[in-house]
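A.B. asks: I'd like to ask some things about the structure below.
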Amino acid sequence: MLRPGREEDGPGIAEVYLATWRSHGSDLLRRSDSQEDKEAVEEVKQNLGSQALKEQADRFAAFLRSKQRLFVVAEAEPDFSGCESHLCGFISYGRSFTREGFGEVMQLYVHPGYQRRGLGTRLLHEAWQDLCRQEWASLGSHVWCTKGNPANRVYEQVGWARTGKEKCLSPTLSNEPVEVEEYQAPAG
1 MLRPGREEDG PGIAEVYLAT WRSHGSDLLR RSDSQEDKEA VEEVKQNLGS
51 QALKEQADRF AAFLRSKQRL FVVAEAEPDF SGCESHLCGF ISYGRSFTRE
101 GFGEVMQLYV HPGYQRRGLG TRLLHEAWQD LCRQEWASLG SHVWCTKGNP
151 ANRVYEQVGW ARTGKEKCLS PTLSNEPVEV EEYQAPAG
C-alpha cells in the first residue's frame, strides 16, 4: 500500500535506506571490484549500525516535519504470523535545488527484500503524478542518479531520459564524492 509519509515514519524510512546501503553500497557508490574500492564500501557498511539508524531516523523525521521534502512510503502487508505492516520502500521529492521551476526526486529506495517487484516504479509514478500538480514544478521534473547504477532503469522504463548533465555529490553516508547524472521526466 502506498501512502503519504508521516513524521513517525522516520525510523522505518531509515531502516529501508540503511538496508539498501548495506546490500547495494557498491552500486550506490559506483565502486569497482578493486581492493581499494572494496575497502571503501566495507568502511561505509561498518558505519551503518544503531547510531546511523538513530541519526538517519532523526534526519528523515526532520524532513517530514518541516515538509521540506514530500514523501510517499510503501507499506508491506502484514504477514500470516500477525506481524504489523512495515515500510518496504519510499520516495522523497520536492522543489529542485538546481533547476528553477522544476520538481526533483531526491531519493527512491526499496528494501532489498522487496526489489524487482515493480514497487520502485509504483513509488515513482505516485510521486511523479503529485509533481505534475505542483505549481513549483511547472517546468517539469528531474532526478540526479548515481552514474551507471543498474537501479536507474526504473527511470528509463517509464520514459525519463538522460539530459547529458553530470556532476559529483557527496552522499550522506559516505565521505567519497560520487558521479551522478541527470534524468528528466517527459513533458506531462
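Numbering (the working numbering), first residue to last: 1 to 188.
Yeah, the Cβ is synthetic: ideal placement off N, Cα and C, and Gly gets one too.
All figures in this text were calculated on a predicted structure; none of them were measured in a lab.
Is F63 helix, strand or coil by DSSP?
C.D. replies: Translated into positions along the sequence shown, residue 63 becomes position 63. F63 falls in the helix class under three-state DSSP.
A.B. asks: Assess contact between the stretch 82-101 and the stretch 111-119, defined as three or more Cβ pairs (one per stretch) separated by less than 8 Å. Is contact present?
C.D. replies: The stretch 82-101 is in contact with the stretch 111-119.
A.B. asks: Given a cut-off of 8 Å on the beta-carbon distance, is the pair R122 and L2 in contact?
C.D. replies: Here residue 122 corresponds to residue number 122 of the sequence shown, with the count starting at 1. Here residue 2 corresponds to residue number 2 of the sequence shown, with the count starting at 1. In this structure, L2 lies closer than 8 Å to R122 by Cβ.
A.B. asks: Here's the rule I'm using: 16 or more other beta-carbon atoms within 10 Å means buried, otherwise exposed. How should C201 be labelled?
C.D. replies: With the chain covering only 1 through 188, there is no way to say anything about residue 201.
A.B. asks: Taking Cβ to Cβ, would you say F102 is nearer than 8 Å to L70?
C.D. replies: Here residue 102 is taken as the residue at index 102 of the sequence shown, counted from 1. Here residue 70 is taken as the residue at index 70 of the sequence shown, counted from 1. No. Outside cutoff.
A.B. asks: Keeping to the same chain, check which residues put their C-beta closer than 6 Å to that of V110; ignore five residues upstream and five downstream.
C.D. replies: Working through the sequence shown from its first residue, we reach residue 110 at position 110. Counting only Cβ-Cβ distances below 6 Å, and skipping sequence neighbours, we find G89, L119, G120.
A.B. asks: In the DSSP assignment, the beta strand (DSSP E) including A76 goes from what residue to what residue?
C.D. replies: As a working note, residue 76 is residue 76 in the sequence shown. Here the beta strand (DSSP E) through A76 covers 70-76.
A.B. asks: Where V180 and G164 are concerned, what is the direct C-alpha to C-alpha distance, given to the nearest angstrom?
C.D. replies: For the purposes of this step, residue 180 is identified with residue 180 of the sequence shown, where counting begins at 1. For the purposes of this step, residue 164 is identified with residue 164 of the sequence shown, where counting begins at 1. Roughly 10 Å between the two C-alpha positions.
A.B. asks: Hey, how far is the Cα of G82 from the Cα of A74?
C.D. replies: One-based indexing of the sequence shown puts residue 82 at position 82. One-based indexing of the sequence shown puts residue 74 at position 74. Legend: pLDDT at G82 = 49, less than 50; position of this residue unreliable, no value from coordinates given.
A.B. asks: Using CA atoms only, rank isn't needed, just tell me which of P177, D130, H125 is closest to G94.
C.D. replies: To locate residue 94, count along the sequence shown from 1; it is residue 94. Minimum Cα distance to G94 is reached at D130.
A.B. asks: CA-CA distance, K45 and S23?
C.D. replies: Taking the sequence shown and counting its residues from 1, one reaches residue 45 at position 45. Taking the sequence shown and counting its residues from 1, one reaches residue 23 at position 23. Residue placement at K45 cannot be trusted, given a pLDDT of 47 that sits under 50; what the coordinates show is reported in the next sentence. About 9 Å.
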